[in-house]
Amino acid sequence: MQALRKHISPGWLLVAPFFLVVVVFYLGPLLNILWLSVTDPEPGFGNYSALVTSDAMARILWTTFRTCLITTVFSVAIGYCLAYAMVHAHQKKQNIMLTLLLISFWISVLVRTFAWLMLLGHNGLVNNAFETIGLIDRPIRFMRNELGVLIGMIHYMVPYAVLPLMANMQTLDPRVMAASRNLGANGVQTFRRIYLPLTLPGIVASSLLVFILSLGFYVTPAILGGGKVLMVAEYISVQLLVTLKWGTAAMLGTLMLIGVLALLWIMTRFMQLSAVFGGGATR
Amino acid sequence: MQDKQFIKETLLESAHAYRAGRMDRRSFLALCGMSGVAMSAVMAGDAKAAADHIVMWNWGGISEECHGSAIGVPFQEKTGMGMKFDTSGPLEGKIREMVDSGNVTADVCDGDLFNAVSLGPTGHLEPIDYSIVSKDKTLPQYALEYGISIILYGYAFVYDTEMYGDNPPKNWADFFDTETFPGTRSLYKWANGSLEAALMADGVPGDQLYPLDMDRALNKIKSIKDDSIYWGSGSEVHSMCISGEASMAIIWQNRGKNIEMDTDGRYKLVNNQAMAMPGAYIVPKGNPAGREAVMKFIATAQEVPVQLDILDCLGMTPSNPAAFSEIPEEQQPYAITSAQNIDNIVYNDPVWWGENGGDAVNAFLEAIS
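Protein chains in written order, with the working numbering: chain G, 174 to 456; chain C, 1010 to 1378.
#1: Can you tell me the Cα-Cα spacing of G1081 of chain C and M1092 of chain C, whole angstroms?
#2: I need the boundaries of the beta strand (DSSP E) containing A352 of chain G, first residue and last residue.
#3: CB-CB under 7 angstroms to I409 of chain G, same chain, minus the five flanking residues each way: which ones, in chain order?
#4: Spell out a yes or no on whether the region 1167-1178 of chain C and the region 1215-1230 of chain C are touching, meaning 3 or more CB-CB pairs, one atom from each, closer than 8 angstroms.
#5: Which residues, taken in chain order from the region 294-321 of chain G, show a beta carbon closer than 7 angstroms to some beta carbon of chain C?
#6: Considering only the alpha carbon of each residue, which of C:G1163, C:I1160, C:Y1162 and C:K1144 lies closest to E999 of chain C?
#7: Thinking just about the alpha-carbon of each residue, which of G:T372, G:L382 and G:V415 is nearest to the one in A256 of chain G?
#8: Would a C-beta distance cut-off of 8 angstroms place F1373 of chain C and S1203 of chain C closer than the cut-off?
#9: Do the region 1243-1260 of chain C and the region 1319-1337 of chain C meet, that is, are 3 or more Cβ pairs less than 8 angstroms apart?
#10: In the DSSP output, what is T1309 of chain C paired with across the bridge?
#11: When you compare the region 288-300 of chain G with the region 355-367 of chain G, are there three or more beta-carbon pairs, one atom per stretch, that lie closer than 8 angstroms?
#12: I'd like to know if K1013 of chain C contacts chain G, where contact means its C-beta is closer than 8 angstroms to some C-beta of that chain.
#13: Taking DSSP as the reference, what is the three-state secondary structure of Y221 of chain G?
#14: Identify every residue that forms a DSSP beta bridge with S1158 of chain C.
#15: Return the CA-CA distance between G1098 of chain C and L413 of chain G, expressed in angstroms with no decimal places.
#16: My assumption, with CB atoms under 8 angstroms, is that V246 of chain G sits in contact with S379 of chain G. Please give the rounded CB distance.
#17: Along the region 414-438 of chain G, what residues have a CB closer than 7 angstroms to any CB found in chain C?
#18: Are the CB atoms of L274 of chain G and V335 of chain G within a distance shorter than 8 angstroms?
#19: From C:E1364, C:L1218, C:A1308 and C:Y1219, pick the residue whose C-alpha is nearest to that of V1142 of chain C; which is it?
#20: Tell me whether S1328 of chain C sits in a helix, a strand or coil according to DSSP, three-state version.
#21: Give the interface partners of V1108 of chain C over in chain G, defined as CB-CB distance under 9 angstroms, in chain order.
#22: Closer than 7 angstroms by C-beta to K1057 of chain C: which residues in its own chain qualify, once you throw out the five before and the five after it? Chain order, please.
#23: Taking C-beta pairs closer than 8 angstroms, name the residues in chain G that R1275 of chain C reaches, listed in chain order.
#24: So what's V1126 of chain C in DSSP terms, helix, strand or just coil?
#25: Identify, in the order they occur along the chain, each residue of the same chain with its Cβ nearer than 6 angstroms to the Cβ of G1363 of chain C, setting aside the five sequence neighbours on each side.
#26: Buried or exposed for R1264 of chain C, please, with buried defined as at least 16 other CB atoms from any protein chain shown within 10 angstroms of its CB.
#27: Under a CB-based cut-off of 8 angstroms, is I1268 of chain C close to chain G?
#28: Report the rounded CA-to-CA distance for G1212 of chain C versus D1186 of chain C, giving the unit in angstroms.
#29: Taking 8 angstroms as the threshold, find out whether the region 392-399 of chain G comes into contact with the region 323-331 of chain G through three or more Cβ pairs.
#30: Excluding sequence positions up to five away, which residues of its chain have a Cβ less than 6 angstroms from the Cβ of K1146 of chain C?
#31: Can you find a CB in chain G that lies within less than 8 angstroms of the CB of S1127 of chain C?
#32: Hey, is L388 of chain G's beta-carbon within less than 8 angstroms of any beta-carbon in chain C?
#33: Spatial neighbours of W1199 of chain C within its chain, please: C-beta separation below 6 angstroms, excluding the five flanking residues on both sides.
#34: Please list, in chain order, all residues of the same chain as A1050 of chain C whose beta carbon is under 7 angstroms from its beta carbon, the five residues on each side excluded.
#35: Given a cut-off of 8 angstroms on the beta-carbon distance, is the pair A1348 of chain C and G1156 of chain C in contact?
#36: Taking the CB atoms as reference points, tell me whether L209 of chain G and W438 of chain G lie closer together than 8 angstroms.
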């Protein structure tokens, strides 16, 4: 017992039950998915070889990657401006802005997706208004294409981008910027050389969060894409429920998992992950 | 011994009461607690022992009410057994998962006949007992080993009368002709119906569609890709038409009826070359109520009055040939096997779809995305 205690901190005993729950109910099924991806329909790496041999698979992955990347760039850019404005607003204004942000954060993805159809759809508010005042003579196609998917996804993701950025910006010491100005840098220089580098962890954190969440998008592309924007999540669901190619679904699921883990690993090469997610930033 | 029997019966009774909502969860748990029996054990035992109802796995919405009144009521009169519903939609993957997990909770699935072809040979379905169910009360090609068609639904198309006033589209060739008939098309995202329509538009006769020439069909689909959007659910295509987004849409006939009504006739259904799709009842392997009970249930659903009730309530066409001639006047345009339509329709081949459906859906998705 003594020898054991030397190597294992007794604190682990407290964690052990939860650790076990995670192993049994989370890692177990996860391993099962991994297993399925190399055994269904037949043992081997047939499912994985489809990644190289099938144009379609490559296209679906590329569509997913491209859509997520564009979503991330725009969400973080918009989120950065919002977070900047919020952090530098008066407390009262900041509260109002935060409330509005959180309200949109809490509204379900389905509702928000259909709201875009109402607004920008063929017979939607915007097209109707433009037609009535004579700006256009036939409705603009905002929805049922890639543009529609991007609008829906970026809108959904902005709050996710704002929150980590805000947390990061709030920790900055304003005296640093004041010192920069004092030493003769103008506003643009101060922002580019002081503020932006200091908020880099926030930018990375929110980009990561947005990108990873975007990878799993299902409802928005399915509804706003008009069937033309096929992303991995929807494809997996079809393979599970309709075409019964569980091996393919498991392979894609595994691929997504590895992709996300790889992203996180790459991040750790550049910065401390705990700093990104707000803990122990000063170590 | 008597005590045990008493407790068991009390618990079974209360399990019924709890399921039916006559007893709240807390009282039931307390009762189980007092008698020292785990609730799950009672519920599980109950499901097996008291096979006093058939659980139908369907798609919810109005179908729950319609199946209840059309099939449930006569079935109860005949056998004394009730009917319950699981409305989560028996997709093929879900049926397979349910049977594989060993926890089968549904007796009969309101599925497609091609499900019977793909899931039957893999051991996920109970074979149909044709000593109870009648082969003559459906179309001859739609009585298969592991499933039987109870209703038919049809793929037809609707068009916008304001857009094509004097020269309306009349067949699939017109549907795919975006030069003569400009405007956005809406096609079914899961390939079914869309592929056959494309082949007929390309000149394949309706009775020589199968096996489907996938390359030819997909090329035709791709040729109108720029003018196409795709729908995944009935409500989605409904709203595409109501909003004027789609000028033509492949559609289920009963949905076409609703669109005609909701647009005050602006959209019109075309039944020429419509495709009859066999909707089928299939039974998951090891269903809780037992094979005989569920076969009696399926046999009830084949009766002519039941079939006509389903048509009236749900808009699904009878598959029992004896009911074809009794389709009421106002349903004629929307029932695929009515006297008005039956000479101009083509029949889906569930065997081809069961064997090739997975690959076909993937190829279709890859072509449109």
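We put the beta carbon where it would ideally sit given N, CA and C, even for glycine. As the structure is a computational prediction, the values presented were derived from the model and not from experiment.
Answer, in terms of the structure:
#1: 6 angstroms
#2: Unbroken run through A352 of chain G is the alpha helix (DSSP H), P347 to N355; no beta strand (DSSP E).
#3: A422, L425 and G426
#4: no
#5: G294, H295, N296 and R317
#6: This structure leaves residue 999 of chain C out entirely; chain C is present only between 1010 and 1378.
#7: G:T372
#8: yes
#9: no
#10: The partner list for T1309 of chain C (beta bridge, DSSP) is empty, contrary to what the question assumes.
#11: no
#12: The predicted position of K1013 of chain C is uncertain, since its pLDDT is 49 and thus under 50; a value taken from the coordinates is nonetheless stated next. It does not: the Cβ of K1013 of chain C has no partner Cβ on chain G nearer than 8 angstroms.
#13: Y221 of chain G falls in the helix class under three-state DSSP.
#14: C:A1289
#15: 14 angstroms
#16: Actually they do not touch by this definition, with Cβ atoms about 11 angstroms apart.
#17: L414, V415, T416, L417 and K418
#18: yes
#19: C:A1308
#20: coil
#21: Within 9 angstroms Cβ-Cβ: nothing; V1108 of chain C doesn't reach chain G, min ~12 angstroms.
#22: Caution applies to K1057 of chain C, whose pLDDT of 43 falls short of 50 and renders its modelled position unreliable; the model cannot decide the point.
#23: Within chain G, no residue comes near R1275 of chain C; the closest Cβ sits about 13 angstroms away, beyond 8 angstroms.
#24: helix
#25: Sequence-distant partners of G1363 of chain C (beyond 5 residues in either direction) whose C-beta falls short of 6 angstroms from its own C-beta, in its chain, are F1123, V1126 and S1127.
#26: buried
#27: no
#28: 13 angstroms
#29: yes
#30: Q1311 and N1329
#31: Chain G contact via Cβ: present.
#32: no
#33: V1370
#34: Note that A1050 of chain C scores a pLDDT of 47, beneath 50, so its modelled location is shaky and nothing firm can be said.
#35: no
#36: no
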